[in-house]
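In this note's numbering, the protein residues as written are 2 to 154.
Written as structure tokens, this is what we have:
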């Protein structure tokens, strides 16, 4: 019986790793190659925003004045896109990676993406995206912890 449990556990770890790789590849594709998101027609030159909360405030104002697809995608899309990262990191580490390290790793992953966007002139390096993405990883970690607590008891 234990052999079946360990085989099942190993299979689950392999599937989780495969899903994580697929998730990272999807994020990379979405951020760098999907028209209208990471890259857009006619973008040229370095574009960046280093003014903390300026884009968050701008998109929040857009939402207050009525539904705006661009504002929803920017604010909530950046958060939602990184929720899986916050779930995968502690899950794949066997719960060895805790809250602070998950948040730090989410920030680093986001920083790498934003820096590559700046360097290769694909989209905009935006400090607000770093904040929103990191919040997504934080929410993902909380979902992981709640899910784990719920499943064990």
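Yeah, the Cβ is synthetic: ideal placement off N, Cα and C, and Gly gets one too. Note that the structure is a prediction, hence the values are computed from the model and not measured.
For this session: In the DSSP assignment, find the alpha helix (DSSP H) that holds residue 147 and state where it starts and stops.
Result: Along the chain shown, one-based indexing puts residue 147 at 146. Taken as a continuous stretch (DSSP letters only), the alpha helix (DSSP H) holding residue 147 covers 128-153.
For this session: Using beta-carbon positions only, say whether residue 82 and residue 17 come within less than 9 Å of one another.
Result: Residue mapping note: residue 82 aligns to position 81 of the chain shown, counting from 1. Residue mapping note: residue 17 aligns to position 16 of the chain shown, counting from 1. Contact flag unset, no.
Problem set entry | DSSP-derived helix/strand/coil call for residue 68 | To locate residue 68, count along the chain shown from 1; it is residue 67. Three-state DSSP puts residue 68 in coil, outside helix and strand.
For this session: Going by DSSP, name the residue or residues bridged to residue 50.
Result: Stepping through the chain shown from its first residue, residue 50 is reached at position 49. 127.
Exercise. Distance, Cα to Cα, residue 59 vs residue 134?
Worked result: For the purposes of this step, residue 59 is taken as residue 58 along the chain shown, with counting starting at 1. For the purposes of this step, residue 134 is taken as residue 133 along the chain shown, with counting starting at 1. Residue 59 and residue 134: Cα-Cα distance of roughly 17 Å.
Problem set entry | Three-state secondary structure assigned by DSSP to residue 2 | Reading the chain shown from its first residue, position 1 is the one you call residue 2. With a pLDDT of only 48 at residue 2, under the threshold of 50, the placement of this residue in the model should not be trusted; the figure read from the coordinates follows. Looking at residue 2 - three-state DSSP - the assignment turns out to be coil, as it is neither helix nor strand.
Exercise. Are the beta-carbon atoms of residue 47 and residue 87 separated by less than 9 Å?
Worked result: Position 46 of the chain shown, counted from the start, is the residue given in the question as residue 47. Position 86 of the chain shown, counted from the start, is the residue given in the question as residue 87. With respect to the 9 Å criterion, residue 47 and residue 87 are not classified as neighbours on the basis of their beta carbons.
Exercise. For the putative contact between residue 124 and residue 32, defined by C-beta atoms under 8 Å, what is the C-beta separation to the nearest angstrom?
Worked result: The count along the chain shown starts at 1 and reaches residue 124 at position 123. The count along the chain shown starts at 1 and reaches residue 32 at position 31. Indeed, because the Cβ distance is near 7 Å, the residues count as touching under 8 Å.
Problem set entry | residue 73, buried or exposed, once every other Cβ within 10 Å from all chains shown has been counted against 16 | Counting from one through the chain shown, the residue named residue 73 turns up at place 72. Using a 10 angstroms sphere on the CB of residue 73, the tally of other CB atoms stays under 16, which defines it as exposed.
For this session: Using the Cα positions of residue 89 and residue 153, report the straight-line distance between them to the nearest angstrom.
Result: Stepping through the chain shown from its first residue, residue 89 is reached at position 88. Stepping through the chain shown from its first residue, residue 153 is reached at position 152. The straight-line gap from Cα to Cα measures roughly 18 Å.
For this session: Output the boundary residues of the alpha helix (DSSP H) element that contains residue 105.
Result: By 1-based counting over the chain shown, the position of residue 105 is 104. That run of the alpha helix (DSSP H) goes 100-120.
Exercise. Looking at residue 79 and residue 130, is the spacing between their C-beta atoms short of 9 Å?
Worked result: Reading the chain shown from its first residue, position 129 is the one you call residue 130. Reading the chain shown from its first residue, position 78 is the one you call residue 79. Contact flag set, yes.
For this session: Enumerate in chain order the residues of its own chain whose CB-to-CB distance from residue 52 is below 8 Å, with the five nearest sequence positions on each side excluded.
Result: The sequence position of residue 52 within the chain shown is 51, counting from 1. Excluding residues within five positions, the ones whose Cβ falls inside 8 Å are 128.
Exercise. Got a sec? Which residues, its chain only, sit under 6 Å from residue 75 by beta carbon, not counting five neighbours each side?
Worked result: As a working mapping, residue 75 is identified with position 74 in the chain shown. 60, listed in sequence order.
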